[in-house]
Each structure stands twice: as structure tokens, then as C-alpha cells.
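From first to last, the protein sequence lines stand for chains A and B.
Going by the UniProt record's numbering, the first sequence opens with residue 1, and the numbers climb by one from there.
Going by the UniProt record's numbering, the second sequence opens with residue 1, and the numbers climb by one from there.
Glycine included, each C-beta is placed from N, C-alpha and C at the ideal position.
Predicted, not measured: the structure shown is a model, and the values here were computed from it.
In what follows, a single structure is set out as C-alpha cells and then discussed.
2 protein chains.
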Amino acid sequence: MAYRTTPARMDRDEQLRQRILDCALSRVAGGGFASLTMVALADDVGIATGSLYRHFHSKGELAAEVFASASGREVEALREVLRGDGDPATRLARGVRQFAARAWSSRSLAFALIAEPVEAEVDEQRLLYREAYGELFCELLEEGAAQGAFQVAQPRVIAACLVGAIAESLVGPLSPPAWAAREAGRPSVELAVVSDALTTFCLRAVGAKEPHP
Amino acid sequence: MAYRTTPARMDRDEQLRQRILDCALSRVAGGGFASLTMVALADDVGIATGSLYRHFHSKGELAAEVFASASGREVEALREVLRGDGDPATRLARGVRQFAARAWSSRSLAFALIAEPVEAEVDEQRLLYREAYGELFCELLEEGAAQGAFQVAQPRVIAACLVGAIAESLVGPLSPPAWAAREAGRPSVELAVVSDALTTFCLRAVGAKEPHP
DNA sequence: CAAACATCTGAACGTTGGTTCACTTCTTGT
DNA sequence: ACAAGAAGTGAACCAACGTTCAGATGTTTG
Chain A
1 MAYRTTPARM DRDEQLRQRI LDCALSRVAG GGFASLTMVA LADDVGIATG
51 SLYRHFHSKG ELAAEVFASA SGREVEALRE VLRGDGDPAT RLARGVRQFA
101 ARAWSSRSLA FALIAEPVEA EVDEQRLLYR EAYGELFCEL LEEGAAQGAF
151 QVAQPRVIAA CLVGAIAESL VGPLSPPAWA AREAGRPSVE LAVVSDALTT
201 FCLRAVGAKE PHP
Chain B
1 MAYRTTPARM DRDEQLRQRI LDCALSRVAG GGFASLTMVA LADDVGIATG
51 SLYRHFHSKG ELAAEVFASA SGREVEALRE VLRGDGDPAT RLARGVRQFA
101 ARAWSSRSLA FALIAEPVEA EVDEQRLLYR EAYGELFCEL LEEGAAQGAF
151 QVAQPRVIAA CLVGAIAESL VGPLSPPAWA AREAGRPSVE LAVVSDALTT
201 FCLRAVGAKE PHP
């Protein structure tokens, strides 16, 4: 016997795997999933393309994992707020505002996660995570409905509506063309405007008693 | 001189072009844009692949035209209703219901138009048509706001929210897996349920005075 | 019918980008 | 140090499709 997987080795493996994911995320955050190619990624990491396959079965798997980890963070942040303190309406308002703010602060990544056309394997993740957002809203809606803070007959459907409304209202302002316009000094909507309108929209839509801050 | 483009020829050209578009639409309606390949399409039409290029510069152009014509029909139908008779809230309700019903009645095509991952050139069209829907809603919102039927401060943003809510709430139930579930006899949401919930959602969201039928 | 020219054909080509694999370079345990 | 075997390399390979083009087939006019 002359070789065995030692702890040190497994550590380095784990670290490299993470480094690959980090580089991949950078790439996506910079130029969307379109710019995530195996050759370019390997180059970024400083390894050969073949080595990527020691850590991921295929590009699809890798891309899906990048998507999942980035989206997972968002779901977590949203969960934190929606399950936090305060009455349901306040929590909903906070959740929406936070989501918009986070998306705005890393618009390019947000656009890639929300709207960029991607290969099927990644798109599956998108559907999955949209469901996860929906699940969180659904929970809150049921709680709110039970205590009379909201009026919703079909929490699942309404939750999907919320997810759609939030995503769509942000896609426009986050899209590359819109951002280019902003940087060129042309007028365009600002975060506060979208965020306020969106929040009011969501609160009203679920039958919350009155506008919340 | 021994040949000139005669009216009969141009007619046949026009007809063939239309036949190509029809076949392409069938294909998309059946298996989404993923199943729209030049070879398969040429086969459907009964011509050679090369002949397709006598009518369309590229696949992207062809696909975009298919998308546009299908979406154009929907925009038209929506415009009809939103600009029709009745107070703004009633028209909004009708528009939403009609949109849902139409999508439901050709679910596969609707899914392809709303949510299927597609090549960039087609996705551009999607963005464009989403804007068109938004524009229609925006118009109605402004009219409604002016006469006090709605309470919307940012019609453009709210219009996007409506488009997103409608699309997203339908994507789930229209998606291939959901439909497979329905056909397998497993329980799933029905059109009436989604349509009602969605309509209520939209009316409340724009601050309409009270639920409309 | 025959010249002149458009249109059609479909196998071959090109491009893009993921994936492989024979070979080299490390690590580890004795 | 050295054997045993894992990990790394990167050019070649491959698959999938859109696109092309030289030759065959139609169509029109005199």
C-alpha cells in the first residue's frame, strides 16, 4: 500500500472545489451564465479544463450548483426576514424591500439569476428556487390569513403572483440596457421608486389592512 | 429576356412562406422552441433545408417571427378587452381572465411563449412583448387612476408587476410537469381557481374599490 | 421547344464549446 | 529513495445544428 486519501488531501480538494465555484460565480456575476465556459473558467482558476471534471460531472452540474448557491443565499435572507419579528404585513413589506435592495446592489448577478436565458439544467434550478420563494411567501400568507391580517383564499397561487410581480418589476430596471441608460446619465427609475411601488402593490394585493412603511 | 417574377410566382412564394411559419408554429406548440430545428422543420414542410433560407435569413429570424406572430395575437386580444367597454376595474378583470383562459386552452404554446428557455434572438422578442403587455396595462392604469378607480403612483412599475404576477401564476400550472400530473389523475389547480385568485389579486393590487366578477 | 434564369435540393461544411484520455507530475507510505 | 497510484494537463475529439453551394429541376418568354 502506497497511497491513501489523507485528510490534508481531502481538504485541499474541498478548497479547490470551492475556489472553482467562487471563480464561476465571479464569472456569472460579471458576464452572466453566457460567459461561463469551461475553458475560460479553468483559465481563471489556473488549472486545466480536464481538472474541472474531477470536481464536477459536467458543466450543467457545475452551473446548476453556482445557481443554487447564489439563489440559496437569497432564499435564506428572505426566510430570515419573513419568519422574523413583527406582524405579517410588516414582515412582507420588509421582505420585498430587502429583496429589491439586494438585487439592486448586485444587479448583474440578480439579472442572471432572475431572467438571463440559460441552459435547461440551470433553468430547472430556477424553477425550483422560484418555488422556494413561493413556499416562503405561502407560509407567511397562511399565517397572515389565519390571524386576519391578509385576505387570501389561495395562498399558493397568490404566493406565485408575488414572486412574479417582484421578479418582473425588477427585471426591467436591472436589465443591461436599462443599466447602460443609467450610466449614460439618461433618466431611469431609481431603487426607492420601484421598491416603494412594489411594496405597496404587494401589500394591497394580499388584502393587508393598510400601507406599511 | 426570358424570365421575370410573375404575380403567380410571388403568390406561391408568399404562400410557402406562410406554410413554413405555420409548420414552425405547430412545432413550437407541440414541443416548444427546443423542437424547432431547421432539418425537422424542412421535413415537416416537405422541402429542403436550403429552401428555408430563401424565405428567412437565419433560424433566429424565423424563430423570432414565429414568436412575434403568436405573441402578437395575444397582445391584440388583450388590447381589445382592455380598451373595450366598461369601467377600468371591470376591463382589467376581463383582461386577466381572458389571458388566463387563452393560455390554458393552448398550454403548451403558452408555456413556450412565457417561460421556455430560448435563444437570445427570441428572448429579445419576449422582452419586447412583455413590454407591450405592460404598455397596455399602463394605459389602463393611468386612465383608471385619473378617474379614481385605481390608486397607482407608478403606473409603469405596477404594470410590470401585473405582467409578472399573471405570467408567474400561470407558469406553474402550465408547466409540463404540472400538466403531466393532471393527466395522470393527480390533483392540481384548476383554471377557475387560478383565474379567480389571480383576478382578485390584480384588482386589489391596483387599489380597485372592490372585487369585480 | 429552347434559351435564360429562378428555385430547389441535401450532403458537406463550419462553428462552438463540452468532454475525453494518454501522458506527466505530484503525494504518500515503506 | 522508490514504488504505487492519485491528481493534473491540454490538445484532440465529438456532437449538434445552423448554414452553404454546385448541380438538378422548374418556370417563363419568344
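Residue i vs residue j beta-carbon contact at 8 Å
i        : j        : result
B:PRO117 : A:ALA120 : yes
A:ALA63  : A:VAL157 : no
B:ARG27  : B:LEU41  : yes
A:VAL66  : A:LEU21  : yes
B:GLY32  : B:ALA103 : no
A:GLY95  : A:PHE150 : no
B:GLN125 : B:SER58  : no
Alpha carbon of residue i to alpha carbon of residue j, nearest angstrom
i                      : j        : result
A:ALA184               : B:VAL45  : 47 Å
A:VAL171               : B:CYS161 : 10 Å
A:TYR129               : B:TYR129 : 25 Å
A:ALA192               : B:CYS23  : 47 Å
A:ALA101               : A:LEU82  : 15 Å
B:SER69                : B:LEU25  : 9 Å
A:GLU51                : A:ALA110 : The sequence as given places Ser at residue 51 of chain A; Glu does not occur at that position. So the two alpha carbons sit approximately 29 Å from each other.
B:GLU143               : B:PRO88  : 7 Å
A:ARG204               : A:PHE56  : 45 Å
B:ASP196               : B:ARG97  : 8 Å
B:GLY30                : B:SER188 : 22 Å
A:LEU127               : B:GLN147 : 39 Å
B:ALA181               : A:PRO155 : 20 Å
B:THR199               : B:ALA93  : 6 Å
A:THR90                : A:GLY164 : 20 Å
B:VAL152               : B:GLU139 : 12 Å
A:ALA132               : A:ILE166 : 14 Å
A:ASP85                : A:LEU78  : 13 Å
B:PHE99                : B:VAL75  : 9 Å
A:ALA34                : B:VAL194 : 35 Å
residue 267 of chain B : B:TRP179 : Because chain B is modelled from 1 through 213, residue 267 of chain B falls outside the range shown and cannot be assessed.
B:ARG19                : B:THR5   : 20 Å
A:GLY60                : B:GLU80  : 43 Å
B:CYS202               : A:ALA145 : 18 Å
B:GLU14                : B:ILE47  : 15 Å
B:VAL39                : A:SER105 : 45 Å
A:GLU190               : B:ARG54  : 46 Å
Chain A contact for residue i (CB, 8 Å cutoff)
i        : result
B:GLY144 : no
B:ALA161 : For the sequence presented, residue 161 of chain B should be read as Cys rather than Ala. Output row for B:CYS161: interface = yes.
B:PHE33  : no
B:LEU198 : yes
B:ILE158 : yes
B:ALA89  : no
B:THR5   : no
Residue-chain proximity (residue i, chain B), Cβ-Cβ < 8 Å
i        : result
A:GLU168 : yes
A:ALA165 : yes
Residue i classed as buried or exposed, judged by whether at least 16 other C-beta atoms fall within 10 angstroms
i        : result
A:GLU168 : buried
A:ARG186 : exposed
A:ARG73  : exposed
B:PRO213 : Note that B:PRO213 scores 47 on pLDDT, short of 50, meaning its location in the model is unreliable and no value can be drawn from it.
A:THR37  : exposed
A:GLY134 : buried
B:ALA159 : buried
A:ASP107 : Residue identity check: residue 107 of chain A is Arg in the sequence provided, not Asp. Answer is buried; the Cβ neighbour count reaches 16.
B:ALA8   : exposed
A:MET10  : exposed
Beta-carbon neighbours of residue i, restricted to chain B and to distances below 9 Å
i        : result
A:ARG204 : GLN151, ARG204, ALA205, VAL206, GLY207
A:VAL189 : GLN154, ARG156, VAL157
Interface partners of residue i on chain B, CB under 7 Å
i        : result
A:GLN154 : VAL193, ALA197
Contact list for residue i against chain A, beta-carbon separation under 7 Å
i        : result
B:PHE201 : ILE158, CYS161, ALA205
B:GLY172 : ALA160
Chain A residues whose Cβ lies nearer than 8 Å to that of residue i
i        : result
B:PRO117 : PRO117, VAL118, GLU119, ALA120, ASP123
Near the ligand ADP: residue i beta-carbon under 7 Å from a heavy atom
i       : result
A:SER51 : The ligand ADP is not among the ligands present in this structure, which contains no ligands whatsoever.
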